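Just below is one structure, and these are the notes that go with it.
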Amino acid sequence: MSSYSEDDAFEAAASVPLSQRAMARVQPATPYLDDLNPAQREAVEALDGPVLMLAGAGTGKTKALTARMVHLLTTQRARPNEILSVTFTNKAAREMKNRMARMLGEGVEGMAWLGTFHAICVKLLRRHAELVGLKSNFTILDSDDQIRLMKQLLAASNIDDKRWPARMLAGVIDSWKNRAWTPSKVPASEASAFNNRGTELYDQYQRRLLELNAVDFGDLLLHVVTIFQTHDDVLAQYQRWFKYILVDEYQDTNVAQYLWLRLLAGAHKNICCVGDDDQSIYGWRGAEVGNILRFEKDFPGAKVVRLEQNYRSTPHILAAASSVIAGNESRLGKDLWTEATDGEKVRLIGHWDGDEEARWVGDDIEAMQRGTRGMPPFSLDDMAILVRASHQMRAFEDRFLTIGLPYRVIGGPRFYERLEIRDAMAYFRLAVSPADDLAFERVVNTPKRGLGDKAQQKIQMTARENGVSLLDGARILLQDKGLGGKAAGLLARFVEQMDRWHEIARLHTPGSLVEDGEAVVLDEDRPRASIGHVELAEVMLDESGYTAMWQNDKTPEAPGRLENLKELIKALESFENLQSFLEHVSLIMDNETEQEGEKVSIMTLHGAKGLEFPVVFLPGWEDGLFPSQRSMDESGQKGLEEERRLAYVGITRAEKVCTISFAGNRRVFGQWQSALPSRFIDELPDASVDVLTPPGLYGGGFGAAGSPANTIDAKVAAADGYNSPGWKRLQARANHRPVSQPRETRSPILDLGAISSHTVGERVFHQKFGYGEIVAIEGDKLEIAFDKAGTKKVVAKFVTGSEDVPF
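Going by the UniProt record's numbering, the sequence shown opens with residue 1, and the numbers climb by one from there.
Here you go:
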């Protein structure tokens with residue numbers, strides 16, 4: 001019996017020609033695979049054919065995606081220039097390159113096709129610009145240039161830009177480009193857009209761009225998709241080049257991006273998409289969650305690998321997030337789990353109003369920083385407040401500035417630094433102090449009053465010559481007829497308005513009461529103002545046209561700016577007059593200097609995606625605010641499901657401590673209105689939630705005590721005979737009158753047990769919304785279809801029954 005010895009092996013190897021022996025492949029080392037869990041490794045090693053990496057929050061999807069690219073290179077399945085890797089941000093692209101370098105132990109050369117959709121399409125379009133009528137040195141317009149061009153088209157078409165703003169047209173056209181519609185492909189169902197002239201103007205806009213040898217950002221994808229669809233040879237060339245395609249955040253792709261990817265992967269189908277359908281939260285900007293939901297239909301035989309092991313959060317936090325997202329029907333489904341210990345339960349607390357919520361959060365943050373919450377101390381950098389809408393930030397910023405708690409706003413300016421707030425404050429300042437020239441300069445032509453640079457220079461020159469303020473300079477200029485045309489009339493109206501508003505503001509005194517439209521005597525010789533300072537602020541913004549300016553603005557930012565203005569008006573309610581409010585803001589902003597060191601982060605839920613913090617506060621969980629009523633009104637069930645995904649994103653940002661809170665009352669136009677807790681709250685699992693009840697009266701704040709005795713488990717509430725999760729939590733919330741309660745009667749935080757005396761179908765009258773018919777009743781909440789104001793939910797006590805309404 002013979003054996004094969006080492007000598008035999010040596011002789012056999014020696015008989016192989018040197019060239020072949022030199023070309024023999026050495027089995028590559030793959031240490032990067034050792035750091036992957038089984039699911040991640042399965043996704044990395046499945047190199048052939050379509051793969052969907054369904055990656056839950058905190059499951060290491062970037063690590064797996066990067067390891068897959070390294071594996072393609074290490075095993076020599078593809079050269080760097082044969083891999084197309086698409087991200088949504090430049091930051092993500094840089095992170096992948098850095099991680100690849102660490103895994104390979106050297107820099108990655110030749111990864112020319114790793115970048116954002118737009119960055120890659122710029123390269124492609126410059127190579128083939130002539131195929132869509134462009135030159136390779138085309139210009140990419142920014143949003144300002146785009147709007148300027150559209151305004152020229154509107155003027156040439158005799159369309160009133162005030163009634164049909166250019167920004168509205170830009171939004172319509174951008175949405176069409178996101179769906180890969182050229183002017184000729186816009187369907188008949190969209191023909192009514194922009195007063196039935198949208199497609200006509202879209203065609204003119206595209207023709208003008210070609211004349212200018214220019215594109216906007218939407219064109220970068222649209223033109224490349226058009227080239228691929230109409231030039232088979234070009235498409236085939238890139239299908240050969242890109243042997244492997246990897247896509248990050250696939251759930252955020254729009255239709256144009258989806259078509260682009262499908263065209264490129266149409267031949268070899270070696271496409272790996274990484275994403276999480278439960279984190280698709282950008283539908284408002286064109287993202288289609290359906291792209292990831294139908295991946296297996298688009299690519300038959302696709303391998304779906306679920307990454308479910310979470311490395312970020314505690315089991316209680318994951319249980320809460322999983323329980324909420326389970327309410328969505330349109331999802332692929334997955335079960336997040338972790339090897340970590342249970343940790344803190346998700347904390348849930350109701351507050352009297354938004355200001356008390358902000359006070360409690362501020363106290364709790366300071367207690368956590370000191371380590372007096374029964375947990376190790378946390379740095380301020382470890383904590384974040386995630387809000388549904390930017391206007392919610394105001395209460396927290398005010399509170400933090402008052403108590404000297406350092407904070408940063410991520411994704412935008414601080415509340416009082418926002419453009420619309422600065423504009424409104426300038427109106428208030430000018431009404432209080434007509435000599436405030438800086439305020440005058442800011443608002444004299446905001447909104448537009450036809451006062452260009454030359455007109456404003458005339459005002460300044462007149463003021464200097466006469467040694468008076470700019471407002472008085474404008475008055476003198478008008479008296480001397482130094483300004484003509486339409487601008488003179490608009491300036492005269494502005495001066496008259498400011499004089500009238502100043503007189504009302506001058507009459508305000510601390511503690512004055514408002515009478516119904518009548519000036520009353522304060523003492524022997526001085527009358528009070530006929531309207532309060534809060535109403536005066538509203539009047540200024542309305543009569544000046546400033547509110548209407550944003551109402552007519554159709555950009556995605558406009559609704560948020562209007563909400564911020566409402567929040568500003570709400571902030572005035574805590575002060576006795578405009579002057580005291582302006583002094584308060586000046587003082588707190590002056591005291592807030594940019595400091596180095598730890599800071600609490602404040603941002604929107606949308607801005608928080610991709611981030612993580614040990615401690616997360618999720619305030620404002622009230623129906624109408626979160627889920628957003630606007631989102632549900634505009635998109636129905638689809639909108640509600642996206643709001644639920646946003647809740648899932650918010651909860652999964654937390655690593656160790658997650659606190660959900662809501663306010664039972666909000667003050668709207670001077671009236672207290674009760675609010676219902678978010679429907680998402682009752683979707684939380686009882687076993688993973690602690691309900692916190694502040695000791696004593698509402699308004700005292702949890703920070704006053706902070707002992708474990710203040711934590712009420714749902715099981716305690718269950719002993720009182722309440723069975724549903726919602727009732728158990730309601731039982732845990734006190735309905736005491738707060739210490740700071742004014743003389744007026746307030747509704748309890750929640751009165752779901754109240755029985756309304758009204759009936760469905762009854763005609764009623766509301767002082768603000770007019771006549772309407774009750775269509776639904778829930779406790780003391782009435783859903784009323786008003787004749788002119790639409791359907792709204794109101795508290796029963798604010799409507800008058802049919803027997804008192806003179807029909």
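Yeah, the Cβ is synthetic: ideal placement off N, Cα and C, and Gly gets one too. Since the structure is predicted, the reported quantities are computational estimates derived from the model, not experimental observations.
Secondary structure at His766: strand, using DSSP grouped into helix, strand and coil. In terms of Cα proximity to Phe396, the closest of Phe378, Gly354, Glu366 and Ile421 is Gly354.
If only complete runs of 4 or more residues are kept, the region 65-106 shows the alpha helix (DSSP H) at 90-104, in order along the chain. Excluding sequence positions up to five before and after Asn564, its CB lies within less than 8 Å of the CB of Ser390, His391, Arg394, Phe415, Arg418, Glu420 and Ile421, all in the same chain and listed in chain order.
Here Val247 is bridged, per DSSP, to Val86 and Cys273.
With respect to the 7 Å criterion, Leu430 and Met498 are classified as neighbours on the basis of their beta carbons.
For Ile602, the enclosing beta strand (DSSP E) starts and ends at Val600 to Thr604. Excluding the 5 residues flanking it on each side, Val657 has same chain C-beta neighbours closer than 6 Å at Glu344 and Val615, in chain order. For Phe242, the three-state secondary structure derived from DSSP is coil.
Using a C-beta cut-off of 8 Å, the region 227-240 makes no contact with the region 160-179, since fewer than three inter-stretch Cβ pairs fall below that distance.
Fully contained in the region 295-360 are the following beta strand (DSSP E) runs of length 3 or more, in chain order: 303-307 and 346-353.
By the Cβ rule, the region 450-460 does not count as touching the region 538-551, because fewer than three pairs are nearer than 8 Å. Beta-bridge partners assigned by DSSP to Met53: Val274 and Val305. Contact check for Leu332 against Asp277 passes: the beta carbons are separated by less than 7 Å. For secondary structure counted as the beta strand (DSSP E) over 3 or more consecutive residues, the region 363-438 holds these complete runs in sequence order: 383-387 and 407-409. The beta carbon of Ser688 sits closer than 7 Å to the beta carbons of His316, Ala319, Ala320, Lys345 and Val346 from its chain, once the five residues preceding and following it are set aside; these are given in chain order.
For the options Pro434, Ala426 and Ala435, the alpha carbon positioned closest to that of Arg442 is the one of Ala426.
Taking the Cα of Val760 as reference, the smallest distance to any Cα among His766, Glu778 and Phe194 is reached at Glu778.
The residue among Ala424, Phe299 and Gly171 with its C-alpha nearest the C-alpha of Glu567 is Ala424. For Val795, the three-state secondary structure derived from DSSP is strand. Residues Lys135, Ser136 and Phe138 of the same chain have their beta carbon placed closer than 7 Å to that of Ala129, with the five preceding and five following residues left out of the count. Distance check between Arg399 and each of Ile140, Ala67 and Gly362 places Gly362 closest, using alpha-carbon atoms only. In the DSSP annotation of this structure, the continuous segment of the alpha helix (DSSP H) that includes Lys123 starts and ends at Phe117 to Arg127. Taking Phe88 as the centre and dropping the five residues before and after it, the same chain places the C-beta of Thr116, Phe117, Asp248, Glu249 and Asp252 closer than 8 Å to its C-beta, in chain order. With 16 or more other Cβ atoms inside 10 Å of its own Cβ, Pro50 counts as buried. Counting C-beta pairs closer than 8 Å gives three or more between the region 634-651 and the region 276-296, which meets the contact rule.
In terms of Cα proximity to Ala67, the closest of Ala43, Leu438, Ala78 and Ala57 is Ala43. Within a 10 Å sphere around the beta-carbon of Ser143 sit fewer than 16 other beta-carbons, which makes this residue exposed. Cβ contact annotation for Gly327 (same chain, cutoff 7 Å, sequence separation greater than five): Arg644 and Glu683, in chain order. Per DSSP, reduced to three states, the secondary structure at Thr253 is coil, with no helix or strand assignment.
Following the DSSP letters along the chain, one finds Ile784 inside the beta strand (DSSP E) bounded by residues Lys781 to Phe786.
Note that the C-beta distance between Asp216 and Gln279 is not below 7 Å. Contact annotation: Leu153 and Leu212 have beta-carbon atoms that are not nearer than 7 Å. Sorting Met632, Gly560 and Arg312 by C-alpha distance to the C-alpha of Phe613 places Arg312 at the top. If you draw a straight line from the Cα of Thr372 to the Cα of Ile365, it is about 10 Å long.
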